[in-house]
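Undergrad: Numbering (the working numbering), first residue to last: 853 to 1048. One structure is given below, represented as structure tokens, and several questions about it will come after.
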């Protein structure tokens, strides 16, 4: 059996005057990178794919330095595009609307959910085509597009509650053959993940 490890980027440092796509990591996020690098599942990973955003790339770069794994940046793994700052309560309301109505952008400048999902699915299909079924791979991305993708694989609508349960630097394992989750998203020490 082989796996795809879906990884949410570590904790970010929110900067209201900087587009969210350019946010870096907080001190907690930097510690989460160090913990992720120590996870045992990397021993079997054939390649790491990452969103171009710094908060995701930093994980792939740290893993590459530690394990000499090939790393590829894939634009389609980017978060749902929405470089508009919203206060937390406004963001939560907009996120609910985004997931509830995939055809419509709830805020000017947001990418609709259906477009974000189509982009992410195309990226994942391209990644999977590069690797035989027996090769485990890791994908570092973002909570919203991961929520959309997992709902797509399950044949269900994306739910706000599912998005809210994906913590920073958490990892979920997908069965590559069935393309269904083997685990929930889990945090350090990642004991629930299959590995080597």
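By construction, the Cβ of each residue, glycine as well, lies at the ideal position given by its N, Cα and C atoms.
1. Would the stretch 988-1007 and the stretch 918-936 be scored as touching if the rule is three or more Cβ pairs under 8 Å?
2. Check residue 979 in the structure and name its three-state DSSP category.
3. Residue 968 and residue 1005: beta carbons closer than 8 Å?
4. Going along the chain, which unbroken runs of the beta strand (DSSP E) with 3 or more residues stay wholly within the stretch 916-985?
5. Shortest alpha-carbon distance to residue 862 belongs to which of 856, 853, 869 and 889?
6. Could you tell me which residues DSSP puts in a beta bridge with residue 895?
7. Hey, quick one: how far does the beta strand (DSSP E) through residue 1044 stretch, first residue to last?
8. So for residue 1015, helix, strand or coil by DSSP?
9. For my contact list, residue 1014 and residue 1029 are in at a C-beta cut-off of 8 Å; report their separation, rounded to the angstrom.
10. Which residue wins for smallest C-alpha separation from residue 928, given the options 1037, 875, 983 and 976?
11. Relative to the C-alpha of residue 864, which candidate in 1019, 959 and 943 has its C-alpha closest?
12. Decide if residue 1042 is buried, meaning its Cβ has at least 16 other Cβ atoms within 10 Å, or exposed.
13. Can you find the residues in the same chain that come closer than 6 Å, C-beta to C-beta, to residue 1026, ignoring five residues on each side of it along the sequence?
14. In whole angstroms, what separates the C-alpha of residue 896 from that of residue 918?
15. Can you have a look at residue 891 and say buried or exposed, based on whether 16 or more other CB atoms are within 10 angstroms of its CB?
16. Would you list the residues sitting across from residue 1033 in a DSSP beta bridge?
17. Per the DSSP calculation, residue 990 is bridged to which residue(s)?
18. Cα separation between residue 859 and residue 1017?
19. Which residue from 898, 971 and 887 puts its Cα closest to that of residue 854?
20. Could you tell me which residues DSSP pairs with residue 877 in its beta bridges?
21. Taking the CB atoms as reference points, tell me whether residue 900 and residue 912 lie closer together than 8 Å.
TA: Reading off the structure:
1. Contact holds between the stretch 988-1007 and the stretch 918-936, because three or more Cβ pairs, one in each stretch, are under 8 Å apart.
2. Indexing the chain shown from 1 puts residue 979 at position 127. Helix.
3. By one-based count along the chain shown, residue 968 stands at place 116. By one-based count along the chain shown, residue 1005 stands at place 153. Cβ atoms of residue 968 and residue 1005: not closer than 8 Å.
4. The qualifying runs are 923-925.
5. Start at 1 with the first residue of the chain shown, and residue 862 comes out as number 10. Nearest option by C-alpha distance: 889.
6. On the chain shown, position 43 is the one that residue 895 refers to. For residue 895, which the question treats as bridged, DSSP gives no partner whatsoever.
7. On the chain shown, residue 1044 is found 192 positions in, with the first residue counted as 1. Boundaries cannot be given for residue 1044, as no beta strand (DSSP E) includes it and DSSP labels it neither H nor E.
8. Locating residue 1015 in the chain shown gives position 163, counting from the first residue. Residue 1015 falls in the helix class under three-state DSSP.
9. If you number the chain shown from 1, residue 1014 lands on position 162. If you number the chain shown from 1, residue 1029 lands on position 177. For a cut-off of 8 Å, the C-beta gap from residue 1014 to residue 1029 is around 23 Å, too long to register as a contact.
10. On the chain shown, position 76 is the one that residue 928 refers to. Distances from the alpha-carbon of residue 928 to those of 1037, 875, 983 and 976 put 976 closest.
11. Numbered from its first residue, the chain shown carries residue 864 at position 12. Nearest C-alpha to residue 864: 1019.
12. Taking the chain shown and counting its residues from 1, the one referred to as residue 1042 is at position 190. Within 10 angstroms of the beta-carbon of residue 1042 lie 16 or more other beta-carbons, which makes it buried.
13. The sequence position of residue 1026 within the chain shown is 174, counting from 1. Here the set comprises 856 and 1033.
14. Reading the chain shown from its first residue, position 44 is the one you call residue 896. Reading the chain shown from its first residue, position 66 is the one you call residue 918. One Cα belongs to residue 896, the other to residue 918, and the distance between them is close to 14 Å.
15. To locate residue 891, count along the chain shown from 1; it is residue 39. Per the 10 Å Cβ criterion, buried.
16. Taking the first residue of the chain shown as position 1, residue 1033 is located at position 181. Beta-bridge partners of residue 1033 (DSSP): 1026.
17. For the purposes of this step, residue 990 is taken as the residue at position 138 of the chain shown. Residue 990 pairs with 857 and 900.
18. Stepping through the chain shown from its first residue, residue 859 is reached at position 7. Stepping through the chain shown from its first residue, residue 1017 is reached at position 165. Between the alpha carbons of residue 859 and residue 1017 lies a gap of roughly 13 Å.
19. Translated into positions along the chain shown, residue 854 becomes position 2. Checking every option, the nearest Cα to that of residue 854 belongs to 898.
20. Sequence index remark: in the chain shown, residue 877 carries index 25 (1-based). Residue 877 has 864 as its beta-bridge partners, per DSSP.
21. Reading the chain shown from its first residue, position 48 is the one you call residue 900. Reading the chain shown from its first residue, position 60 is the one you call residue 912. Going by C-beta atoms, residue 900 is nearer than 8 Å to residue 912.
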